Amino acid sequence: MQNLFEDLNPPVRRLMGPGPVEVDPRVLNAMSMPMLGQFDPHFTGYMNEIMSLYRGIFCTDNHWTMLIDGTARAGIESVMVSVINPGDKILVPVFGRFGHLLSEIATRCHAEVITIETEWGTVFDPQQIEDAIKQHRPKVVACVQGDTSTTMAQPLDEIGKICRAHDVLICVDATASITGMPLLTDDWQIDAVTAGLQKCLSGPPGIAPITINERIAELVRSRKHIEQGIRPDDYQAADGEMIQSNYFDLSMIMDYWSEARLNHHTEATSMLYAARECARIVLKEGWQIRFDRHLQTSEALVSGLQAMDLQVFGDQQNKMPNVTGVYIPDTVVGDTVRGEMLNDFGIEIGTSFGPLHGKIWRIGTMGFGCRKDNVLACLAALEMTLRRHGHNASAGAGVDAALAVYNRPAAT
Ligand SMILES: Cc1ncc(COP(=O)(O)O)c(C=O)c1O
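Counting from 2, one number per residue, gives the positions in the sequence shown under this note's numbering.
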């Protein structure tokens with residue numbers, strides 16, 4: 002007989018890596034709601050609610066605010082493939098792994114990709130980006146807001162304005178930063194933003210919220226081709242080149258998210274329920290409380306790590322509040338410590354990529370996982386594990402330092 006294996010019974014973990022992170026139980030609950038047909042008025046009503054909720058999340062009035070099925074890079078690919086015509090010049094400021102991802106996706110769209118790079122652990126001065134725009138005159142700047150690979154967050158307010166002044170489009174990947182720190186799509190004049198659920202939104206990976214403004218929507222419409230079999234009687238293809246991907250063709254996805262409800266893919270019902278609940282939880286909490294919570298947790302974690310004689314990675318002025326990089330002490334093997342944290346304490350912390358591989362760990366404190374009990378448990382477990390490997394911080398120093406941050410009277 003075929004092996005049917007054991008009942009699915011995954012261990013409970015504190016997911017404190019760079020994502021995915023613990024899913025808020027309210028989101029898991031929403032995902033267990035009954036399936037609906039994708040044109041059921043209840044379902045399309047939820048789609049409209051989601052558009053409205055995610056306008057709140059992206060701080061935008063953009064009508065075209067919707068979900069793309071797939072993980073965060075599905076959102077990125079949908080925007081890139083729908084905006085980039087082969088041969089277009091795209092400028093990508095790279096300050097970590099996910100800048101390289103943007104550049105790779107643009108390359109696959111047959112763009113002429115120009116990258117500028119800064120050392121991992123630093124971000125760009127807006128002037129560097131303006132200089133590159135003046136030199137290369139790209140159609141689009143594609144930039145990450147928070148790059149989990151380096152734990153750095155690129156300030157974007159000035160860059161958005163620079164792009165607009167030079168009539169260049171700017172597309173931002175905010176997967177790792179969205180709702181963990183401010184992102185003011187409209188105020189900062191950002192044309193497109195893409196995200197994912199599995200970081201500060203505290204949902205599972207599998208659907209990508211995006212928002213695009215009219216400048217992008219206009220470009221997309223100029224390439225509109227509807228697949229055969231569902232074309233309305235008055236159909237006329239647009240003059241522009243057909244978008245290279247069917248799945249990520251924003252013009253057809255926009256039709257499905259519009260009153261036309263023209264069929265495209267089969268919507269991922271349970272992921273849509275999840276996304277709806279993620280957004281409600283964030284907006285109910287409120288921005289100030291949420292940002293303060295992430296900042297305080299970051300400060301507590303950093304204080305705790307430093308009190309354990311560990312060195313925090315990167316330019317602290319531009320550190321993401323929801324991920325912390327910390328140098329692995331010379332005496333220990335990073336992956337051995339991570340393995341013991343997982344097996345002995347049920348705590349997952351992150352490894353790192355590229356030039357940082359084996360040099361730093363990355364500890365995530367995002368959304369539902371951004372909690373005092375997580376920080377204290379992680380510091381205590383790290384201290385115990387490091388001691389076994391010869392890194393002897395004073396007993397309890399990390400937890401005490403973190404508690405001191407939490408116990409500090411609030412500024413009046
Ligand atoms: C900044 C950033 N962009 C893009 C991605 C890719 O997301 P996904 O793996 O969901 O496609 C990630 C994932 O960690 C990320 O942190």
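Where is the CB? At the ideal position from N, CA and C, for every residue including glycine.
Note that the structure is a prediction, hence the values are computed from the model and not measured.
Under DSSP, the beta-bridge partners assigned to Thr123 are Trp121.
Contact check between the stretch 355-368 and the stretch 392-401: fewer than three CB pairs, one atom from each, fall below 8 Å, which does not count as touching. With a cutoff of 7 Å, Thr176 counts as near ligand 1, since its C-beta is closer than that to a heavy atom of the ligand.
Apart from sequence neighbours up to five positions away, the residues of its chain that approach Leu343 with a beta-carbon distance below 7 Å are Glu349, ordered along the chain. For Gly147, the shortest separation between its Cβ and any heavy atom of ligand 1 lies below 7 Å. Of the candidates Val376, Gly368, Arg294, Arg294 places its Cα closest to the Cα of Ala411. For His265, the number of other beta carbons within 10 angstroms of its own is at least 16, and it is reported as buried. Non-local C-beta neighbours of Asp89 in its own chain, meaning closer than 6 Å and more than five positions away in sequence, comprise Ala112, Lys140, ordered along the chain. In terms of CA proximity to Leu29, Leu198 leads the group Met2, Leu198, Ser395, Ile191. Contact between the stretch 171-184 and the stretch 308-326 is present: three or more C-beta pairs spanning the two stretches fall below 8 Å.
Taking the Cβ atoms as the reference, Ala31 lies roughly 4 Å from Tyr274, within the contact range of under 8 Å.
Taking the Cα of Gln307 as reference, the smallest distance to any Cα among Gly397, Phe369, Ala261 is reached at Gly397. Under DSSP, the beta-bridge partners assigned to Thr116 are Val93. In terms of Cα proximity to Arg277, the closest of Asn4, Asp256, Glu228, Arg56 is Arg56. If you draw a 10 Å sphere on the C-beta of Trp288, you find fewer than 16 other C-beta atoms in it, and that means exposed. Taking the C-beta atoms as reference points, Arg232 is found no nearer than 8 Å to Phe40.
Taken atom to atom, the span from the alpha-carbon of Asn408 to that of Gln297 is near 11 Å. Counting of Cβ neighbours within 10 angstroms places His392 among the buried residues, the total reaching 16 or more. Gly241 is positioned such that its CB atom lies no closer than 8 Å to that of Leu16. If you ignore the 5 residues before and after Glu118, its C-beta comes within less than 6 Å of the C-beta of Val95, all in its own chain and listed in chain order. Inclusion of Leu102 in the 7 Å shell around ligand 1 follows from its C-beta lying nearer than that to a non-hydrogen atom of the ligand. Restricted to the stretch 293-317, not a single beta strand (DSSP E) segment is unbroken, complete and at least 3 residues in length. Distances between the C-beta of Gln199 and the heavy atoms of ligand 1 include at least one below 7 Å. Taking C-beta atoms under 8 Å as the contact rule, Met52 and Cys201 fail to qualify, at a distance of about 20 Å. In the three-state reduction of the DSSP assignment, Lys225 falls in the coil class, being assigned neither a helical nor a strand state. Beta-bridge analysis with DSSP links Thr195 to Asp174, Ile211. The alpha-carbon of His101 is positioned some 33 Å away from that of Leu387. Taking C-beta atoms as the reference points, Ile217 and Leu170 count as a pair closer than 8 Å. When Leu37, Pro35, Met67, Val13 are compared, the shortest CA-CA separation from Ser259 is found for Met67.
With respect to Thr176, Ala73 sits close: the two C-beta atoms are nearer than 8 Å. In this structure, the CA atom of Glu7 is about 39 Å from the CA atom of Gly147.
In the three-state scheme derived from DSSP, where H, G and I count as helix and E and B as strand, Trp258 is classed as coil.
Between Ala378 and Cys60, the alpha-carbon positions lie close to 34 Å from each other. Secondary structure of Met32 (DSSP, three-state): helix. Here Asn375 is buried. Its C-beta has 16 or more other C-beta atoms within 10 Å.
As the crow flies, the alpha-carbon of Ile364 is around 54 Å from that of Asp235.
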